[in-house]
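Enquirer: Structure below; questions to follow.
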DNA sequence: CTCTTTTTAATAATGATTATCAATATTAAT
DNA sequence: ATTAATATTGATAATCATTATTAAAAAGAG
Ligand SMILES: [Mn+2]
Ligand SMILES: [Mn+2]
Ligand SMILES: [Zn+2]
Ligand SMILES: [Zn+2]
């Protein structure tokens, strides 16, 4: 089924690409709503799914966590906050190196792929640790 | 809060430990039901959660729809079937080596941990590939 | 045994995601 | 440009996994 060119789809991808962060569907919905106020959350979900099938969007999913989406599809790596679930890019040579090794290993074992995610606590959650009140 | 010794909790852990597979809460519920027919699914969920907090059970939150649980808590690694979501143990020296490296890296970066998921297709799904009808 | 605490079964509630569907928009064909 | 075929939308219902609630039962302490 060929994707047609709709305003909704275009804006969803456009707004996602503007973001440094990795929003959930509902976070992106709130942003897109500013430009298309009557858009439905289901439309955002539907399009993120289609775009990720088409390889224009990365879907970061883990059981028990809300899905998050990434407009950058070039190969790069992620850290997830262990307490709030937010995801950030990580640029660290050793992380890159381990991923390279995994590429090779997965290839050699004839597997489909892998998913490596580092866990940490994000800035915001660290601040809360300081002053818990 | 100290855990008391209930029949339900004991049997849940006992049955989980008997399994080679990594069941979802409802799969384990069906098994435990044979011994305690009136047990509730919520009890299974509650106890798996408590047992995993207590370190007697591993909770596997990988990609997929449902959490899976593991009665073996010694350090070991998993492959997940990309199509049905089933999880199996993997015993491969190189996989172990990469995990060791990740332990070190995570330690060095001062992070909380990591989640590495290897993806493949399980036997059952491979068979289906053969005769799709 | 008696009091206090914890757990249970049953079931309702929740939250994220997906499905349904009639109305509308996009694309392809004339 | 008109029309026919196809895809998409917004609204909302449904689903599914999981968690919360609660009165009754069981377990632990003394
Ligand atoms: Mn990213
Ligand atoms: Mn295992
Ligand atoms: Zn955080
Ligand atoms: Zn499978």
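Chains as they are written, first to last, in my numbering: chain C, 1 to 133; chain P, 1001 to 1133.
By construction, the Cβ of each residue, glycine as well, lies at the ideal position given by its N, Cα and C atoms.
1. What three-state label does DSSP hand residue 33(C) in the structure shown?
2. Name all residues in chain order for which at least one heavy atom of ligand 1 lies closer than 6 Å to the residue's CB.
3. Taking 7 Å as the cut-off, is the beta-carbon of residue 121(C) closer than that to any non-hydrogen atom of ligand 3?
4. Spatial neighbours of residue 1036(P) within its chain, please: C-beta separation below 8 Å, excluding the five flanking residues on both sides.
5. Any idea if residue 17(C) is buried or exposed, counting beta-carbon neighbours within 10 angstroms, 16 or more meaning buried?
6. Below 7 Å, is the gap between the Cβ of residue 65(C) and the nearest heavy atom of ligand 3?
7. Starting from residue 1117(P) and walking both ways along the alpha helix (DSSP H), at which residues does that stretch end?
8. Would residue 1055(P) count as contacting chain C if we go by Cβ distances under 8 Å?
9. Using a C-beta cutoff of 8 Å, does residue 1082(P) count as contacting chain C?
10. Rounding to the nearest angstrom, what Cα-Cα distance links residue 85(C) and residue 128(C) in this structure?
11. Going along chain C, which residues have a C-beta under 9 Å from residue 1038(P)?
12. Would you verify that the beta carbon of residue 1044(P) is, or is not, closer than 8 Å to some beta carbon of chain C?
13. Going along the chain, which residues of its own chain have a beta-carbon closer than 6 Å to the beta-carbon of residue 1079(P), five neighbours each way excluded?
14. Assuming residue 79(C) is part of the beta strand (DSSP E), what are its boundary residues?
15. Just grab the DSSP bridge partners of residue 68(C) for me.
16. With DSSP as the reference, please indicate the residues paired to residue 1097(P) in a beta bridge.
17. Is residue 1072(P) close to chain C? Criterion is C-beta to C-beta, closer than 8 Å.
18. Look at the Cβ atom of residue 1038(P), then the Cβ atom of residue 63(C), and state whether they are nearer than 8 Å.
19. List, in chain order, every chain P residue whose beta-carbon is nearer than 7 Å to that of residue 112(C).
20. Taking DSSP as the reference, what is the three-state secondary structure of residue 1012(P)?
21. Taking DSSP as the reference, what is the three-state secondary structure of residue 44(C)?
22. Give the residues from the segment 1081 to 1102 of chain P that approach chain C closer than 8 Å (Cβ to any Cβ), ordered along the chain.
23. Applying a beta-carbon distance threshold of less than 8 Å, which residues of chain P neighbour residue 105(C)?
24. Does residue 1087(P) come out as helix, strand or coil in the three-state DSSP assignment?
Expert: This is what the structure holds:
1. coil
2. 22(C), 70(C), 72(C), 76(C), 78(C) and 89(C)
3. yes
4. 1007, 1008 and 1011
5. exposed
6. no
7. Not the alpha helix (DSSP H): residue 1117(P) falls in the beta strand (DSSP E), residues 1113 to 1120.
8. no
9. yes
10. 15 Å
11. Chain C residues near residue 1038(P): none, gap ~28 Å exceeds 9 Å.
12. no
13. 1088, 1090, 1118 and 1120
14. 77 to 81
15. 60(C)
16. Note: residue 1097(P) sits in no beta bridge, so no partner.
17. no
18. no
19. 1082, 1119, 1120 and 1121
20. helix
21. helix
22. 1082, 1092, 1094, 1095, 1098, 1101 and 1102
23. 1094, 1095 and 1098
24. strand
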